[in-house]
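Colleague: By the numbering used here, the letter at position 71 of the sequence shown is numbered 72, and the numbering carries on one by one without gaps. Backbone N, C-alpha and C fix where the C-beta goes; we use that ideal spot for every residue, glycine too. Here it is: the structure, laid out below.
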Amino acid sequence: MNKEFYEYCDVCHRGGQTRSTFPLSDSRAKRPFSLIHCDLWGRYHIPSLSGCHYFLSIVDVYSSAIWVFLLKDKIETFEKLVNFHAMVKTQFGLAIQRVCSDHGVKFMDRKVQKFLIKNNIITRPPVLIHLNKMVGRTKKS
Ligand SMILES: [Zn+2]
C-alpha cells in the first residue's frame, strides 16, 4: 500500500482518547476530501423538531470542516453520502478518496459499501486506524 493510504485522521485519534495530549502527526490528509471521517449518531429517544432520531456527521480531515445531517432513519445514510459525494464533485471539483469512522464503517450498509466501491472510495477499517497511531508514534521517537 502506498504512503498516502496511511494519512492520519485526527478525528479517529481524538475519538479514541480521554484527553488531548498527543501532538498532531505530520501525515495528515494532504488535500481537501482526500480523507473524510463519518459517524452516525443515535438513535435518540427524543427526536429533533423535524422528527429526526439520528444525525450523520462528516468531517473533512484536511480542513476540519464539518457537515451535519439530521436523519429520520439510518437508512437515509446512503442518500446523504451520495449527495455529499456529488456536492464535493460539483462545488470543489474534487473526489473523496477515503472514508473512516470511529466505529469502523459498520453503520454503512451494503448499498453504501457498493457505492463507495463503485466510486473507488476506500474505507478504512479500525485496525488500520490503530496501525496509523502506531506508525505516527514510531515516526516521532
Ligand atoms: Zn477518522
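Beta carbon of V12: closer than 6 Å to some heavy atom of ligand 1?
Modeller: For ligand 1, at least one heavy atom lies less than 6 Å from the Cβ of V12.
Colleague: Could you check what DSSP says for L95 in three-state terms: helix, strand or coil?
Modeller: Looking at L95 - three-state DSSP - the assignment turns out to be coil, as it is neither helix nor strand.
Colleague: Answer with buried or exposed for V12, where buried requires no fewer than 16 other C-beta atoms within 10 angstroms of its C-beta.
Modeller: Answer is buried; the Cβ neighbour count reaches 16.
Colleague: Once DSSP output is grouped into helix, strand and coil, what is the label at H14?
Modeller: Three-state DSSP puts H14 in a helix.
Colleague: Please indicate yes or no: does the CB of C39 lie closer than 6 Å to some heavy atom of ligand 1?
Modeller: Every heavy atom of ligand 1 is 6 Å or more from the Cβ of C39, so no.
Colleague: For H14, is the classification buried or exposed, using 16 other Cβ atoms within 10 angstroms of its Cβ as the cut-off for buried?
Modeller: Classification of H14: buried, given that the 10 Å Cβ count is 16 or more.
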